[in-house]
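Engineer: Before I ask anything, here is the structure I am working with.
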Amino acid sequence: MDDLIVKFISRMIIPFIQLYGIFVIFHGHLSPGGGFPGGAILGASIILYTLAFGAHRGHLKMPHHLSKRLESGAILWYIILGLMGIWTGHLFLTNRAAGFFMGEPGEILSGGFIPLITVAIGLKVGSTIITLFHTMIEEEHDA
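The number in the numbering used here is simply the position in the sequence shown, starting from 1, with 7 added.
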């Protein structure tokens, strides 16, 4: 796409979209939202960038090898947090009984490791959406 207005508006709005995605991820244990919608918002911001500036620049912004590492790292982070409950003699994903700091209700640092879980889910969802979109674009170019 070679539309100057689309590129200008995209360049202006993408940082705010990404900031909102991060906000949704970090506040998921306090209000509606969390890792899945926040990750979808982050993934959509990179898709918008790719649509506005082209597939080549989109791949430079989020290369496939980085997306694969984010996907793998996020799921490993989720599993490690879940196993911490087992290591402390409790169930998988045990929160308070495993000794995580619970904080004050309603504060950002409350909920034990739930904010850490939502970050892992957000990274996994966002990177998967980006990978799927870039794969579809590559297949369309190859056909």
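Every residue gets a Cβ at the ideal spot worked out from N, C-alpha and C, and that includes glycine. Please read all numbers here as calculations on a predicted model, not as lab measurements.
Please list, in chain order, all residues of the same chain as residue 34 whose beta carbon is under 7 Å from its beta carbon, the five residues on each side excluded.
Structural biologist: 40
Engineer: Closest by CA to residue 139, which one among 128, 74 and 125?
Structural biologist: Here the closest residue by C-alpha is 74.
Engineer: DSSP three-state call for residue 109: helix, strand or coil?
Structural biologist: coil
Engineer: Could you check what DSSP says for residue 39 in three-state terms: helix, strand or coil?
Structural biologist: coil
Engineer: Could you give the distance in angstroms between the alpha-carbon of residue 115 and the alpha-carbon of residue 17?
Structural biologist: Each residue's alpha carbon lies about 30 Å from the other.
Engineer: Put residue 146 into one of helix, strand or coil per three-state DSSP.
Structural biologist: helix
Engineer: Quick check: residue 127 and residue 81, are their CB atoms within less than 7 Å of each other?
Structural biologist: Contact flag set, yes.
Engineer: Does the beta-carbon distance from residue 78 to residue 131 come in below 7 Å?
Structural biologist: yes
Engineer: Quick check: what's the CA-CA separation for residue 44 versus residue 30?
Structural biologist: 11 Å
Engineer: Do residue 113 and residue 42 have their C-beta atoms closer together than 7 Å?
Structural biologist: no
Engineer: Can you give me the Cβ contacts of residue 122 inside the same chain, cut-off strictly under 7 Å, excluding the 5 residues immediately before and after it?
Structural biologist: 33 and 36
Engineer: By the DSSP assignment, the alpha helix (DSSP H) with residue 90 in it spans what residues?
Structural biologist: 71-94
Engineer: Mapping the DSSP letters down to three states, classify residue 15 as helix, strand or coil.
Structural biologist: helix
Engineer: Have a look at 99, 62 and 19 and flag the residue whose alpha-carbon is nearest the alpha-carbon of residue 149.
Structural biologist: Nearest of 99, 62 and 19 to residue 149, Cα basis: 62.
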